[in-house]
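Numbering (the UniProt record's numbering), first residue to last: 1 to 735. For glycine and all other residues, C-beta sits at the position ideal for the given N, C-alpha and C. Report on one structure; see the data block that follows.
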């Protein structure tokens, strides 16, 4: 049966369980298959003709959330969604600091200090924690419990009982102080206030949510970066002459002019001119492609050195650039979002705490205890179950881990990234710009018998200095690095797609492809050098003068010095390396053999890279992808873990989970080790954050919990979590 696909933007989700709830609701509709991504706040829905988009939106709204049709990425001017949360955090922080200080430092407890604490705490718990209360209410309506439920219940219980103690108990008496007695004693609770717990928990967990929201905001940035790559305007040929127009006015069949250094505005076919086109964003191949009349070109690729006239064949959403944007979006939408650990634990912990609180109330009332004593114990269970340390567990480890990573040239985008690093077993690496330098480099100069290689390099470098072609620039750099200044050239001629000619000291020098020097005598030794270079996927340039070929210059994309060591370290971490590249088979095999990679997939387009990652995932592999180009963006988004080299394009960086500022493949094993260490620290923090509070639950249920013990437990667990996180500062990159 035919189906349509639609994308919904969803507002109101606070955790991964919200996404699961919406997904289940949508999938209950006959003829609907839906996936909801919490990170991108979108639902991708396939639906049969008898289902309308309005039905889908209504279903989401019935579940307690807001939905609307996703608008075109290109036209959205996105407001910063973290601004409101940042404002809420800063106000709560300013109000909470004096509350916590007064509760923990007896010297600050002036007469009637508890009433100032109430004044400062009330807006924090009511307004600052409003997102948690709203989410807890939505969870309650759906019969589920998350971290939000725990926060809302704990903070409201702490505030509510403190207000009761102030107005109807003895806590409002002038001169009341919190002492330092850490002895266990039964009390009816009417002399105790818990404002520091209510304000502290709210502020700490708001901080955690802010750091998560800030990293999550980047989810759609890859698409915006991709759309920025295209040309903004174009010069078209009209009957009245050439005219520059905005790109959205270009039509199919229009003829447009592309000057050297400009981006090609749309997919089309060359009708006039010859040039070299840098198509590395699409193919990943470092060597520019020579094009002439009849050759097809792709929008957003760069015209290197000649003037072209192109007839547009595909524009707008039909171009290969737009298709790549869709690939990235599809990969991100389908990416399994890691369930947050705190929510998973809360789903079990919250019902147990509620049951224990109710059981405590029933026990004390059933055994003849006073109503005040029973409620004190029951509320104490809720208060101690809401740990401040839980709010610190993830953000502190993440801040220290990411801070240490930044010092080592590793940028971790968010907590969801870390879960993947633990399970990764296969790593897919792009070649150009990742394993190699990404630019053409002079590898070798072979002189004919009786000639000096320095003379060949000097002559070739001097003539090539007049060309802007990347191969020419590589030869010139190599000549200048070795020989210094080069001789001047007269009568320079650039032969498009073939090579260059010039006159040096009375000699006519020709440098270029072998067929350009067909009239020159080419010795067998040089022919063998050309054949060997071509078999390895390298480019051979012949230099000659006085009717004879004098030498061959071999140019290729050079391997980064640290790449072989990095591949070895990846194997030591238990990862299987695979090279996937748009470059030709011979070049890819040569590079792979030099760095120690056995499996190679060559001559692939961006979609093929995504397919390669999906094929490995279908085989049960957990795949990391390392790349640096636009053509890697969709595969980076599709992979379980995407790592972008910092020297690469903005699109690749935005689509990845980890960015490596160092242009060094050794940063990849360092990044995986640091991510795994950070994840282990977060898990340890979560365990101890719960453990301290779980240990105190029996004391609360027994009615033996006084405010000082509650405050000490909160402070001690928080100090432990922070100090445990700070150990990440000692993480060292492997030399």
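**Message:** Using 9 Å as the threshold, is the C-beta distance between residue 728 and residue 678 below it?
**Reply:** yes
**Request:** Would you identify the three-state DSSP class for residue 195, choosing helix, strand or coil?
**Result:** helix
**Request:** Keeping to the same chain, check which residues put their C-beta closer than 7 Å to that of residue 54; ignore five residues upstream and five downstream.
**Result:** none
**Item:** Candidates 609, 66, 552, 137, of which the one nearest residue 461 by Cα
**Value:** 552
**Asked** Taking only runs of the alpha helix (DSSP H) that begin and end inside the UniProt domain "HMA" (4-68), which ones reach a length of at least 4 residues, in chain order?
**Response** 16-27, 53-62
**Request:** Excluding the 5 residues preceding and the 5 following residue 75 in the sequence, name in chain order all residues of the same chain whose CB lies nearer than 7 Å to its CB.
**Result:** Caution applies to residue 75, whose pLDDT of 37 falls short of 50 and renders its modelled position unreliable; the model cannot decide the point.
**Message:** Does residue 149 come out as helix, strand or coil in the three-state DSSP assignment?
**Reply:** helix
**Asked** Can you check whether the CB of residue 396 is closer than 9 Å to the CB of residue 722?
**Response** yes
**Request:** Say whether the stretch 84-102 touches the stretch 113-120, bearing in mind that this needs 3 or more beta-carbon pairs closer than 8 Å, one atom from each stretch.
**Result:** At 8 Å Cβ cutoff, the stretches touch.
**Whole runs of the beta strand (DSSP E) within the stretch 525-591, excluding any shorter than 3 residues** = 539-545, 548-559, 576-580
**Asked** Run through DSSP, which three-state label would residue 431 get?
**Response** Taken through DSSP and simplified to helix, strand or coil, residue 431 comes out as helix.
**Request:** Have a look at 594, 638, 411 and flag the residue whose alpha-carbon is nearest the alpha-carbon of residue 536.
**Result:** 594
**Message:** Quick check on DSSP: helix, strand or coil for residue 278?
**Reply:** Three-state result, residue 278: strand.
**Check whether residue 744 and residue 154 have beta carbons under 9 Å apart** = Outside the shown range of the chain, which is 1 to 735, sits residue 744, and nothing can be said about it.
**Request:** Report the option in 666, 272, 271, 289 whose CA atom is closest to the CA atom of residue 279.
**Result:** Sorting 666, 272, 271, 289 by C-alpha distance to the C-alpha of residue 279 places 289 at the top.
**Message:** Taking only three categories from DSSP, how would you classify residue 606?
**Reply:** helix
**Item:** Nearest-angstrom Cα separation, counted from residue 464 out to residue 479
**Value:** 10 Å
**Inter-residue spacing [alpha-carbon to alpha-carbon] between residue 160 and residue 725** = 33 Å
**Item:** Candidates 580, 384, 468, 550: closest to residue 699 by CA position
**Value:** Selected option, being the one with the closest Cα: 384.
**Item:** Rounded Cβ spacing between residue 421 and residue 641 (contact assumed at less than 8 Å)
**Value:** 6 Å
**Asked** Which residue from 476, 239, 424, 412 puts its Cα closest to that of residue 441?
**Response** 476
**Prompt:** In three-state terms, what does DSSP make of residue 112?
**Reply:** coil
**Prompt:** The alpha helix (DSSP H) with residue 132 in it runs from where to where?
**Reply:** 130-141
**Request:** Rounded to whole angstroms, what's the CA-CA distance from residue 181 to residue 149? Just pull it up for me.
**Result:** Note that residue 181 scores a pLDDT of 49, beneath 50, so its modelled location is shaky; the value from the coordinates is reported in the next line. The alpha-carbon atoms of residue 181 and residue 149 are separated by roughly 32 Å.
**Prompt:** Residue range of the beta strand (DSSP E) that residue 267 falls in?
**Reply:** 267-272
**Message:** Whole angstroms are fine: how far does the CA of residue 456 sit from the CA of residue 447?
**Reply:** 7 Å
**Asked** So residue 176 is in the beta strand (DSSP E); what residue range does that whole segment cover?
**Response** Bounds of any beta strand (DSSP E) do not take in residue 176, whose DSSP letter is neither H nor E.
**Message:** So, under 8 Å CB-CB, residue 430 and residue 621 are touching, yes? Tell me the CB distance rounded to an integer number of Å.
**Reply:** About 17 Å separates the CB atoms of residue 430 and residue 621; that is not less than 8 Å, and the two are not in contact.
**Prompt:** Can you list the beta strand (DSSP E) stretches of 3 or more residues lying completely in the stretch 623-708, in chain order?
**Reply:** Listed in chain order, the complete beta strand (DSSP E) runs (minimum 3 residues) inside the stretch 623-708 are 623-627, 641-645, 658-660.
**Item:** Minimum C-alpha distance to residue 131 - residue among 605, 84, 472, 35
**Value:** 84
**Request:** Measuring only between beta-carbons, confirm whether residue 604 sits less than 9 Å from chain C.
**Result:** No chain C appears in this structure, which consists of one protein chain only.
**Asked** Would you report the Cα separation of residue 201 and residue 381, rounded to the nearest angstrom?
**Response** 15 Å
**Expected contact under 8 Å - CB spacing of residue 541 and residue 511 to nearest Å** = So it is a contact: roughly 6 Å between Cβ atoms.
**Request:** Give me the Cα-Cα distance between residue 353 and residue 49, rounded to the nearest whole angstrom.
**Result:** 47 Å
**Item:** Proximity below 9 Å, CB of residue 538 to CB of residue 443
**Value:** Using a Cβ distance threshold of 9 Å, residue 538 and residue 443 count as a contacting pair.
**Request:** Below 8 Å on the Cβ atoms is my guess for residue 253 versus residue 314; work out the distance and round it to an integer in Å.
**Result:** Residue 253 to residue 314, Cβ: 11 Å. No contact.
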